[in-house]
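For my numbering, add 900 to where a residue sits in the sequence shown, where the first one is 1. Structure, as structure tokens:
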Amino acid sequence: MWVSLIGYMASGKSTVARMLGEHALLEVYDLDAEIETAAGRSVAEIFAADGEASFRDLELAALQRLPAGADLVLACGGGVVERPAAVELLRERGAVVWLDATWEILRRRLHDSPPARRPLLERGWDGLGDLYRARLPLYARAAHFRLRGDLAEPRELVSRVLAAKLRWERRGAREGT
Ligand code: S3P
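Next comes the structure, spelled out in structure tokens:
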């Protein structure tokens, strides 16, 4: 099964995914990296040359290429929830875990982190805050589990994600899937 981490930019998806790979020996995929490798271009270049809709097409195609039955953890880009087909695929493949955080915390992290792979930072703080609020219901609808990523250390989050994975597997076993 997949454990897919979703959430806004800077919610800690990549960090938690990497640690899950180290601690739980799960294979780790980073969706942005998959897109860049396949396209031979950076996320920023794709946004600049082809626009966001094309990027979302590549994002969905990258998801479709990942091994369906593998035991893996996937750090998704923050906008993966914009495409219903991508959400549907993630939910079919396994547990979808939302790393949530307040806008104030995310804003601070975005401010302090380099803008790699984040062309949307061009929208400015008001635009990014609006996007965060607009996406909250999309994350809520996509996720099977919601974790407050800003209230726990990454190590603690790793344990909680693994607990969610276990619950998901038990639920599947009960339902005979
Ligand atoms: C995006 C988030 C980025 C990356 C791209 C678009 C978004 O990933 O996929 O810049 O729409 O929120 P991170 O969430 O890993 O920064």
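Beta carbons are placed, not taken as given, at the ideal position from N, Cα and C, and that holds for glycine. As the structure is a prediction and not an experimental result, all values here were calculated from the model.
task: Say yes only if the C-beta of Gly951 is nearer than 7 Å to one or more non-hydrogen atoms of the ligand S3P, and no if none qualify.
output: no
task: Please report the residue range of the alpha helix (DSSP H) in which Val916 lies.
output: Lys913 to Ala924
task: Measure the C-alpha to C-alpha separation of Leu920 and Ser1059 and round it to an integer number of angstroms.
output: 9 Å
message: Can you confirm whether the region 962-976 touches the region 1006-1021 when touching is taken to mean that 3 or more C-beta pairs between the two stretches lie within less than 8 Å?
response: no
- prompt: Do Val980 and Leu931 have their CB atoms nearer than 8 Å?
  reply: yes
message: To the nearest angstrom, how far is the alpha carbon of Glu959 from that of Ile935?
response: 6 Å
field: Buried versus exposed call for Trp1025 [16 or more other C-beta atoms within 10 Å across all chains shown]
entry: exposed
- request: Report yes or no: do the region 938-950 and the region 985-994 share at least 3 C-beta pairs separated by less than 8 Å?
  value: no
query: Any chance the CB of Met909 is under 7 Å from a heavy atom of the ligand S3P?
result: yes
- prompt: In the structure shown, what three-state DSSP assignment does Ser954 receive?
  reply: helix
query: What are the start and end residues of each continuous alpha helix (DSSP H) run of 4 or more residues lying completely inside the region 924-997, in chain order?
result: 931-939, 943-950, 952-965 and 984-993
query: So, are the CB atoms of Ser911 and Ala1001 less than 8 Å apart?
result: yes
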